[in-house]
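Student: By my numbering, the letter at position 260 of the sequence shown is numbered 268, and the numbering carries on one by one without gaps.
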Amino acid sequence: MNKKIISLLIIAIIIVGTGFVFLYTHDEPQADGNAVKLVNKAAGDIRKEVLAEKERMLIEKEKAREKKEREKREKAEAEKAKKDIAIEQNIVEEFIHGDKGKEYQKYIVLHDTEGGSDAYNIIQSWVNQGKKVASHFIISKDGTIVQCVPMDKIAHHAGFGNNGHNEKYGVTDESRDDRAGTESVGADYSDYGMNSYSIGIEMLHNGSSGEEYPEAQLEALDKLIAYIDNYYGNESTIIDHKMWRTSNSDTSSEFAGYLQNYMSKRRHE
Ligand SMILES: [Zn+2]
């Protein structure tokens, strides 16, 4: 072999040797390590994603469960409020004028007492009058509700209407009323008609004084209307005494806005 070939061989051996040394000491092991790291990192990321997704799903599930629980609780509370409304019972037998089956219930008639200090005082004044006139419920200014006639009994609180209202409201008969107390009540307060188809509610209020209805009294009325609706399973038409008999003062003008709300939304705002 000549010198040139020997030189080339030596160079080739050096190059190959360096390559091996390089491969085994640097590139390949390092390349393997990086790949493993990359794979591990990718696997770790996927595991993290899966865990995060699982956690998100659990949170969503928990939120849905809490929402359902809350809705259930609110519904139960609303039902309870309807059933547990605080109504003080003070039934007066002489105010009862016969049976009033659920099928006859059509109206809730709102009145003003035009005086009085509390519900019991009003009931006593009706007893003293001896005319057997009363509404089913009286609401005091502090929101106390007292019932003196059961809802399935007729109370004399509205009688016949005027200005064509009997026909307008479809209340023209008097057949289910015992008429007791008629004579002493007189023509202006005839006893039948509307009584057989309605629940009467008196608001302790003096219309002529121009006083406002206290918030507690209005809130009690909200509850009582809800209670009556719940009892009958439908919404009775709400009117006030004045809509039935235009000559009556109740309810007074300060109540007009509330009455509109009661007729459409069944609560004051
Ligand atoms: Zn009235």
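We treat Cβ as the ideally placed atom computed from N, Cα and C, and that holds for glycine.
Between K114 and the rest of its own chain, which residues show a CB-CB distance below 7 Å, the 5 nearest in sequence each way excluded?
Tutor: Counting from 1 along the sequence shown, the entry for residue 114 is found at position 106. The residues are Y205, S206, S244 and T245.
Student: For V117 and G208, which I take to be in contact (beta-carbon distance under 8 Å), what is that distance rounded to the nearest angstrom?
Tutor: Taking the sequence shown and counting its residues from 1, one reaches residue 117 at position 109. Taking the sequence shown and counting its residues from 1, one reaches residue 208 at position 200. Yes, they are in contact, since the Cβ atoms of V117 and G208 sit about 5 Å apart, within 8 Å.
Student: Roughly how many angstroms separate the alpha carbons of D120 and N171, rounded to a whole number?
Tutor: Within the sequence shown, the letter at position 112 stands for residue 120. Within the sequence shown, the letter at position 163 stands for residue 171. Computed Cα separation, rounded: 21 Å.
Student: Listed in chain order, which residues are found with a beta carbon closer than 6 Å to a heavy atom of ligand 1?
Tutor: H119, H249, N256 and D258
Student: Comparing alpha-carbon positions, which option in T254, M251, N214 and K273 lies nearest E262?
Tutor: Taking the sequence shown and counting its residues from 1, the one referred to as residue 262 is at position 254. Among T254, M251, N214 and K273, the Cα nearest to that of E262 belongs to N214.
Student: Would you tell me roughly how many angstroms separate the C-alpha atoms of G218 and D248, rounded to the nearest one?
Tutor: Within the sequence shown, numbered from 1, the residue matching residue 218 stands at position 210. Within the sequence shown, numbered from 1, the residue matching residue 248 stands at position 240. Going by the C-alpha atoms only, they are around 17 Å apart.
Student: Out of Y221, I146 and L59, which has the shortest C-alpha to C-alpha gap to G265?
Tutor: Within the sequence shown, residue 265 is the residue found at index 257, counting from 1. Among Y221, I146 and L59, the Cα nearest to that of G265 is on Y221.
Student: Using beta-carbon positions only, say whether R275 and D237 come within less than 8 Å of one another.
Tutor: Taking the first residue of the sequence shown as 1, we reach residue 275 at position 267. Taking the first residue of the sequence shown as 1, we reach residue 237 at position 229. Result no, Cβ atoms of R275 and D237 do not sit closer than 8 Å.
Student: Check whether the Cβ atoms of D160 and K231 lie closer than 8 Å to each other.
Tutor: Along the sequence shown, one-based indexing puts residue 160 at 152. Along the sequence shown, one-based indexing puts residue 231 at 223. Against a cut-off of 8 Å, the Cβ pair of K231 and D160 comes out as no contact.
Student: Counting C-beta neighbours from all protein chains within 10 Å, is the total for R55 16 or more, i.e. buried, or is it exposed?
Tutor: Working through the sequence shown from its first residue, we reach residue 55 at position 47. Under this definition R55 is an exposed residue.
Student: For F168, does the three-state DSSP call read helix, strand or coil?
Tutor: What you label residue 168 is simply residue 160 of the sequence shown in a count that begins at 1. Here F168 sits in coil by DSSP.
Student: Using DSSP with H/G/I as helix, E/B as strand and the rest coil, what is I130?
Tutor: Here residue 130 refers to the residue found at position 122 when the sequence shown is read from its first residue. Helix.
Student: Using the C-alpha atoms, what's the distance from R78 back to K69?
Tutor: As a position in the sequence shown, residue 69 is number 61, starting the count at 1. As a position in the sequence shown, residue 78 is number 70, starting the count at 1. Between K69 and R78, the C-alpha separation is close to 14 Å.
Student: Does the Cβ-Cβ distance between V179 and H164 come in under 8 Å?
Tutor: Taking the sequence shown and counting its residues from 1, one reaches residue 179 at position 171. Taking the sequence shown and counting its residues from 1, one reaches residue 164 at position 156. Contact flag unset, no.
Student: Under 8 Å by Cβ, that's how I've got S156 and N203 pegged, so tell me the actual separation to the nearest angstrom.
Tutor: Looking up residue 156 in the sequence shown gives position 148. Looking up residue 203 in the sequence shown gives position 195. Contrary to the premise, residue 156 reads as Cys rather than Ser in this sequence. No, C156 and N203 are not in contact; Cβ-Cβ is about 14 Å, not under 8 Å.
Student: Under a Cβ-count criterion, where at least 16 other Cβ atoms within 10 Å of its own Cβ denotes burial, should R81 be classed as buried or exposed?
Tutor: The residue you call residue 81 lines up with position 73 of the sequence shown. Looking at its Cβ environment, which holds fewer than 16 other Cβ atoms inside 10 Å, R81 is exposed.
Student: Kindly identify the DSSP beta-bridge partner or partners of F145.
Tutor: For the purposes of this step, residue 145 is identified with residue 137 of the sequence shown, where counting begins at 1. Beta-bridge pairing links F145 to Q155 and I209.
Student: With a Cβ-Cβ cutoff of 8 Å, do R73 and G169 count as a contact?
Tutor: Mapped onto the sequence shown, residue 73 falls at position 65. Mapped onto the sequence shown, residue 169 falls at position 161. Remark: C-beta atoms of R73 and G169 do not approach each other more closely than 8 Å.
Student: Mapping DSSP to helix, strand and coil, what is V179?
Tutor: Counting from 1 along the sequence shown, the entry for residue 179 is found at position 171. It is coil, neither helix nor strand.
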